[in-house]
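Those protein sequence lines, which keep their order, are chains A and B. According to my numbering, the stretch in the first sequence is residues 1497 to 1613, in order. According to my numbering, the stretch in the second sequence is residues 182 to 295, in order. Structure, as structure tokens:
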Amino acid sequence: GAVVSQHPSWVICKSGTSVKIECRSLDFQATTMFWYRQFPKQSLMLMATSNEGSKATYEQGVEKDKFLINHASLTLSTLTVTSAHPEDSSFYICSARSEGGFVYEQYFGPGTRLTVT
Amino acid sequence: GENVEQHPSTLSVQEGDSAVIKCTYSDSASNYFPWYKQELGKRPQLIIDIRSNVGEKKDQRIAVTLNKTAKHFSLHITETQPEDSAVYFCAASIWTGTASKLTFGTGTRLQVTL
Chain A
1497 GAVVSQHPSW VICKSGTSVK IECRSLDFQA TTMFWYRQFP KQSLMLMATS
1547 NEGSKATYEQ GVEKDKFLIN HASLTLSTLT VTSAHPEDSS FYICSARSEG
1597 GFVYEQYFGP GTRLTVT
Chain B
182 GENVEQHPST LSVQEGDSAV IKCTYSDSAS NYFPWYKQEL GKRPQLIIDI
232 RSNVGEKKDQ RIAVTLNKTA KHFSLHITET QPEDSAVYFC AASIWTGTAS
282 KLTFGTGTRL QVTL
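Written out as structure tokens, the structure reads:
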């Protein structure tokens, strides 16, 4: 159980275009999902916390108008990178926490590799 | 906010030897400390975790220790095998019952040689 999927697994886009990444919890409901960014050989940096039915909470330094997050249902959160530039090229990973009781664990998606040309 | 430091950044051990990775955290309110293993291009996989009310936890060849006073925790892998080669991340979190934001360490690249 506790499977998180992401789509697409990789995407190449041209500079100036927008890209949408989907994160789904397949067998559980997730009130909260998290979006991370990981550059090569670096750690995971939290970008924002996505809350179902409300606005996302962004970490300091993350542009909310550039990285649009929508958490429309208990099983789906989307990250849209708007007006992408080469420096946005990275590995984007989402995670979701299964609700209920004192559940600490976050389940990670397989990641989406974005390349902006 | 929370800051997590991790050492060493790279670690090479021979097969069968033990490996130890250490992390320190800054926020004394942190109460949940997971460890993740990440292979190249893959998702992080939880390998073991510990809560602040426990000092040590073991799962077969993997163990984690926590020293709340010193604010540090360590991952111990015994009898290492080539398939243990990966990047390992520690993390710290403050669990409030409604939100649990993870702060990750910088990662340790473990290489197990034959």
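All C-beta atoms, glycine included, are put in the ideal place defined by N, C-alpha and C. Fair warning: this is a prediction, and the values are worked out from it, not measured in the lab.
Legend entry - Classification of I1508 (chain A) by the beta-carbon crowding that lies within 10 angstroms, buried from 16 upward: Burial check for I1508 (chain A): the Cβ neighbour count within 10 Å stays below 16, so the residue is exposed.
Legend entry - Three or more C-beta pairs below 8 Å linking the segment 201 to 218 of chain B and the segment 262 to 275 of chain B: For the pair of segments examined, the segment 201 to 218 of chain B was found to touch the segment 262 to 275 of chain B: the number of CB pairs separated by less than 8 Å reaches three.
Legend entry - Inter-stretch contact (C-beta, 8 Å, three-pair minimum) for the segment 1569 to 1582 of chain A and the segment 1509 to 1524 of chain A: Cβ pair count under 8 Å is three or more, so yes.
Inset, instruction - Could you tell me whether the Cβ of E1518 (chain A) comes closer than 8 Å to any Cβ of chain B? - result: Using beta-carbon distances, E1518 (chain A) does not count as an interface residue toward chain B, since no partner is under 8 Å.
Inset, instruction - Using a Cβ cut-off of 8 Å (strictly closer), state whether P225 (chain B) contacts chain A. - result: Cβ-Cβ to chain A under 8 Å: yes for P225 (chain B).
Legend entry - Closer than 8 Å to chain A by CB, T191 (chain B): Output row for T191 (chain B): interface = no.
Legend entry - Selected residue, minimal CA-CA separation from A210 (chain B), among B:W216, B:F254, B:I275: Of B:W216, B:F254, B:I275, the residue nearest in Cα terms is B:I275.
Legend entry - Reduced DSSP secondary structure (H/G/I, E/B, other) of E1518 (chain A): Looking at E1518 (chain A) - three-state DSSP - the assignment turns out to be strand.
Legend entry - the segment 237 to 256 of chain B contacting the segment 1529 to 1548 of chain A, beta-carbon criterion three pairs below 8 Å: With the cut-off at 8 Å, the segment 237 to 256 of chain B and the segment 1529 to 1548 of chain A do not touch.
Inset, instruction - Could you tell me the distance, in whole angstroms, from the CA atom of Y1603 (chain A) to the CA atom of A1592 (chain A)? - result: Here the alpha carbon of Y1603 (chain A) sits roughly 5 Å from the alpha carbon of A1592 (chain A).
Inset, instruction - Inspect the beta-carbon positions of S1594 (chain A) and F1524 (chain A) and report whether they are closer than 8 Å. - result: If you check the CB distance, S1594 (chain A) and F1524 (chain A) come in under 8 Å.
Legend entry - For T250 (chain B) and Q241 (chain B), the rounded distance between their alpha carbons: Rounded to the nearest angstrom, the two C-alpha atoms are 26 Å apart.
Inset, instruction - Determine the DSSP secondary structure at P1536 (chain A), reduced to helix, strand or coil. - result: Looking at P1536 (chain A) - three-state DSSP - the assignment turns out to be coil, as it is neither helix nor strand.
Legend entry - Closest residue to I1589 (chain A) among A:G1512, A:K1510, A:S1511, A:S1539 (Cα-Cα distance): The shortest C-alpha separation from I1589 (chain A) is found at A:S1539.
Legend entry - Three-way DSSP call (helix, strand, coil) for E186 (chain B) in this model: Looking at E186 (chain B) - three-state DSSP - the assignment turns out to be strand.
Legend entry - Given P225 (chain B) as reference, the closest of B:S193, B:T289, B:E260 once Cα atoms are compared: The residue with the shortest Cα to Cα distance from P225 (chain B) is B:T289.
Inset, instruction - Tell me where the beta strand (DSSP E) around I1508 (chain A) begins and ends. - result: That run of the beta strand (DSSP E) goes 1506 to 1509.
Inset, instruction - Keeping to the same chain, check which residues put their C-beta closer than 8 Å to that of T1613 (chain A); ignore five residues upstream and five downstream. - result: Result list for T1613 (chain A): I1508, C1509, K1510, S1511, P1582, in chain order.
Legend entry - Residue-level contact to chain A via CB, G286 (chain B), 8 Å cutoff: G286 (chain B) counts as touching chain A.
Inset, instruction - Alpha carbon to alpha carbon, how far is E196 (chain B) from T284 (chain B)? Give it in angstroms, no decimals. - result: If I take the Cα positions, the gap works out to 31 Å.
Inset, instruction - State the CB to CB distance for the pair L291 (chain B) and S266 (chain B), rounded to an integer number of angstroms; the pair is presumed to be in contact (CB under 8 Å). - result: Indeed they touch by this definition, with Cβ atoms about 6 Å apart.
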